[in-house]
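Protein chains: 2
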Amino acid sequence: MLLHTIKEVREQIKEWKKQGLTVGLVPTMGALHNGHKSLIEKSVEKCDKTVVSVFVNPIQFCPGEDLDKYPRTLDADNKLCDEIGADIVFAPNPKEMYGEGHILSNDFLTYVIPPYFYTDKLCGKSRVGHFDGVCTVVNKLFNIVQPDFAFFGKKDMQQLIILKKMVQDLNIPVEIIPCPIVREESGLALSSRNKYLTEQGKINALALSKLLFNIKACYNKGVVDTKYLGETAYSFLNDNHSLEYLEFRDKDTLEEKTIADDNTVVFIAARVENVRLIDNIELR
Amino acid sequence: MLLHTIKEVREQIKEWKKQGLTVGLVPTMGALHNGHKSLIEKSVEKCDKTVVSVFVNPIQFCPGEDLDKYPRTLDADNKLCDEIGADIVFAPNPKEMYGEGHILSNDFLTYVIPPYFYTDKLCGKSRVGHFDGVCTVVNKLFNIVQPDFAFFGKKDMQQLIILKKMVQDLNIPVEIIPCPIVREESGLALSSRNKYLTEQGKINALALSKLLFNIKACYNKGVVDTKYLGETAYSFLNDNHSLEYLEFRDKDTLEEKTIADDNTVVFIAARVENVRLIDNIELR
Chain Z
28 MLLHTIKEVR
38 EQIKEWKKQG
48 LTVGLVPTMG
58 ALHNGHKSLI
68 EKSVEKCDKT
78 VVSVFVNPIQ
88 FCPGEDLDKY
98 PRTLDADNKL
108 CDEIGADIVF
118 APNPKEMYGE
128 GHILSNDFLT
138 YVIPPYFYTD
148 KLCGKSRVGH
158 FDGVCTVVNK
168 LFNIVQPDFA
178 FFGKKDMQQL
188 IILKKMVQDL
198 NIPVEIIPCP
208 IVREESGLAL
218 SSRNKYLTEQ
228 GKINALALSK
238 LLFNIKACYN
248 KGVVDTKYLG
258 ETAYSFLNDN
268 HSLEYLEFRD
278 KDTLEEKTIA
288 DDNTVVFIAA
298 RVENVRLIDN
308 IELR
Chain C
28 MLLHTIKEVR
38 EQIKEWKKQG
48 LTVGLVPTMG
58 ALHNGHKSLI
68 EKSVEKCDKT
78 VVSVFVNPIQ
88 FCPGEDLDKY
98 PRTLDADNKL
108 CDEIGADIVF
118 APNPKEMYGE
128 GHILSNDFLT
138 YVIPPYFYTD
148 KLCGKSRVGH
158 FDGVCTVVNK
168 LFNIVQPDFA
178 FFGKKDMQQL
188 IILKKMVQDL
198 NIPVEIIPCP
208 IVREESGLAL
218 SSRNKYLTEQ
228 GKINALALSK
238 LLFNIKACYN
248 KGVVDTKYLG
258 ETAYSFLNDN
268 HSLEYLEFRD
278 KDTLEEKTIA
288 DDNTVVFIAA
298 RVENVRLIDN
308 IELR
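Keeping their order, the protein sequence lines are chains Z and C. Here the first sequence is numbered in our numbering, starting from 28 and rising by one per residue. Here the second sequence is numbered in our numbering, starting from 28 and rising by one per residue.
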């Protein structure tokens, strides 16, 4: 069922809640791929009813980012959700979410702002305000859908950690279910932005996952010095990669690790063909 | 029923929701007076179940404010709530609300930040960060109690306007019920901070309400020039009053009014015996 308004969604949810049914939410920006598919499948399996939101959220894009050219494939997304067994596809337009004529700045809009310690690093360093936009829209979606469970991919690990922190800090009555990264057979982590890559670009992009797998293999052999683990990784990169960061951080607090342990996540961001790609791996 | 933990409140609320009962929330900082009493009475009348929260919220106090000496009278508050017919008094300690050892700054805590246009004026000008703390704690209370209705006094009119904006911006499924200011027979608006005043101070404080009533009387006679209305008001003030602001603003958007109309609220803040007092009046 494709719905475009908050009112329609609320009415349907109210009906379900009356019947005592559990509701799962899978927030997406559309352009759904097998990564999203795995989230939706998990929700359909775990919850009585599943809502997939499809909303390219303007306030999480920074100036100069790809808001306008971000892939929009609602017909295909809706069809996929239907096939998997989602009950509602909620696809509002920006006006429905933020009101008409609203200036989408913190001068005129209430924002949910995650802690600076979590946002001043990794992707937050180059994407200033990005996670403010993410937390605000996810908070809104939580209030609209009132799900029991919400499903997020570990591909966006910093986002996942920040949303878990938001739920904890604001006592939000939603359980966040983290879901594994889905990769192509090659190892490339699925991303809607992979569509921007040429075939050669996709090959070059493999360095990111290979490098992460290698770090994990070294860790499993007993190497724990993150400086050493990081330096070894650079040999996977060449002129086709513009590295933004490669960092070892705690999976809950995002504190930096000098000695890797089972709570360590290795985060990488790099541009390939000027497409910004991210990936990560848990050492546990 | 006096409860101190989030878990206990949630369990009770869950039970009520299962039975299809409506829940009203009256958020307070305790030191309850007849103003609070009127809010609780309204909730008891309107809702099947009423929760009164009593929590002196540290993050809405600014440095140098009266956090430590703010009156705490939980036994009396609990008794009053009981008499009026409230079902739960929720009195958590700061550790229950914000976790142990947490640094209560936006470095480590997710905040709900109302728009700057609403907070850079009136009380927000001198109480920097105050409304961030208010919105954050009210958001938390909404998530813990999940009320159908929440009751706030018009005494804190800027707070009320900001909370209504928060509910709208974040699609919070709670209806805010604004309640009239309760005044002593003298006209003095009730406030927990009135306890800081001497008898003479309370007499001096009457200038605030008198001045507001006079402005409304002038408006009702057809005077709409807010500059003129404001200047007339100054004659009520003397050396016993240290005026912080006297402003004419829109009741929804907080925009300044040069010509008063039925949507205008007159806001005043002044110190008497160094106690900061606020009051306001709707011209409608």
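For every residue, glycine included, the Cβ atom is placed at its ideal position computed from N, Cα and C. In this text, all values refer to a predicted model and were calculated from it rather than measured experimentally.
Query raised in the report: So which residues on chain C does ASN170/Z lean against when the C-beta distance must stay under 8 angstroms?
Result: LEU197, ASN198, ILE199, PRO200
Report task. Please determine if the stretch 292 to 308 of chain Z and the stretch 227 to 235 of chain Z are in contact, where contact requires at least 3 C-beta pairs separated by less than 8 angstroms. Result -> yes
Query - Closer than 7 angstroms at the beta carbon, the chain Z residues around MET193/C - result: THR137
Query raised in the report: If VAL78/Z and ASP104/Z are in contact, beta carbons under 8 angstroms, what's the gap, nearest whole angstrom?
Result: Wrong, their Cβ atoms sit about 13 angstroms apart, outside the cutoff.
Query - C-alpha distance - HIS157/C paired with HIS268/Z, whole-angstrom precision - result: 46 angstroms
Query raised in the report: Given that LYS278/C touches chain Z, what residues does it touch there, using C-beta distances under 9 angstroms?
Result: In chain order: nothing, as chain Z lies at least about 17 angstroms away.
Report task. Determine which residues of the stretch 169 to 189 of chain Z have a Cβ less than 8 angstroms from any Cβ of chain C, and write them out in chain order. Result -> ASN170, ILE171, GLN173
Query raised in the report: Does any C-beta atom of chain Z lie closer than 8 angstroms to the C-beta of TYR255/C?
Result: no
Query raised in the report: Can you list the residues of chain C that PRO141/Z reaches, using a CB-CB cut of under 7 angstroms?
Result: THR137
**Report entry** the stretch 135 to 149 of chain Z in contact with the stretch 33 to 49 of chain Z per 3-pair CB rule at 8 angstroms
**Finding:** no
Query raised in the report: At a CB-CB cut-off below 9 angstroms, which residues of chain Z make contact with ASP114/C?
Result: Result: empty, since nearest Cβ-Cβ is about 19 angstroms, beyond 9 angstroms.
Query raised in the report: With a Cβ-Cβ cutoff of 8 angstroms, do PHE294/C and ARG276/C count as a contact?
Result: yes
Query raised in the report: Does ASP134/Z have its Cβ less than 8 angstroms from a Cβ in chain C?
Result: yes
Requested in this report: Determine the closest residue to ASN290/Z out of GLU271/Z, MET184/Z, LEU310/Z, with distance taken between C-alpha atoms.
Outcome: LEU310/Z
Query - Residue from GLU226/Z, ILE305/Z, ASP109/Z with nearest C-alpha to LEU30/Z - result: ASP109/Z
Query - Residue nearest to VAL209/Z in terms of C-alpha spacing, selected from MET184/Z, VAL201/Z, GLY228/Z - result: MET184/Z
**Report entry** Residue-chain proximity (LYS167/Z, chain C), Cβ-Cβ < 8 angstroms
**Finding:** yes
Report task. Flag VAL71/Z as yes when its Cβ comes closer than 7 angstroms to any non-hydrogen atom of the ligand FAD, and as no otherwise. Result -> The ligand FAD is absent from the structure shown, which contains no ligands of any kind.
Query raised in the report: Are the C-beta atoms of ILE33/Z and some chain C residue less than 8 angstroms apart?
Result: yes
Query raised in the report: Since PHE144/Z meets chain C, which of its residues come closer than 8 angstroms, beta carbon to beta carbon?
Result: ASP134, PHE135
**Report entry** Between the CA atoms of LYS167/C and ASP196/Z - distance to the nearest angstrom
**Finding:** 8 angstroms
Query raised in the report: Should the stretch 66 to 73 of chain Z be called in touch with the stretch 169 to 183 of chain Z, which here means at least 3 C-beta pairs below 8 angstroms?
Result: yes
Query - Per DSSP, cross-strand counterpart(s) of TYR272/C - result: ALA296/C
Query raised in the report: Cβ of ILE83/Z within 8 angstroms of Cβ of MET56/Z?
Result: Correcting the residue type first, residue 83/Z is Val in the shown sequence and not Ile. In contact: VAL83/Z and MET56/Z (Cβ atoms closer than 8 angstroms).
Requested in this report: Can you say whether LYS182/C is buried or exposed, counting buried as having 16 or more other CB atoms within 10 angstroms of its CB?
Outcome: buried
Query - Terminal residues of the alpha helix (DSSP H) in which PHE240/Z lies - result: 226 to 247
Query raised in the report: Quick one, are the C-beta atoms of ASN198/C and ILE203/Z less than 8 angstroms apart?
Result: no
Query raised in the report: If we ignore side chains and look at the alpha-carbon of each, how far apart do LYS191/Z and PRO121/Z end up?
Result: 25 angstroms
Query - Inter-residue Cα distance where the pair is PRO141/C and LYS248/C - result: 36 angstroms
Requested in this report: Could you check what DSSP says for THR259/Z in three-state terms: helix, strand or coil?
Outcome: helix
Query raised in the report: In this structure, what does DSSP give as the bridge partners for SER80/C?
Result: PRO54/C, PHE117/C
Requested in this report: Could you tell me the boundaries of the alpha helix (DSSP H) in which GLY62/Z lies?
Outcome: 61 to 73
Report task. Quick one: grab the DSSP three-state call for GLY151/Z. Result -> helix
Query raised in the report: Relative to the alpha-carbon of LYS148/C, which residue among ASN170/C, GLN186/C, VAL164/C has its alpha-carbon at the smallest distance?
Result: GLN186/C
Query raised in the report: Using the C-alpha atoms, what's the distance from GLU38/C back to ARG220/C?
Result: 34 angstroms
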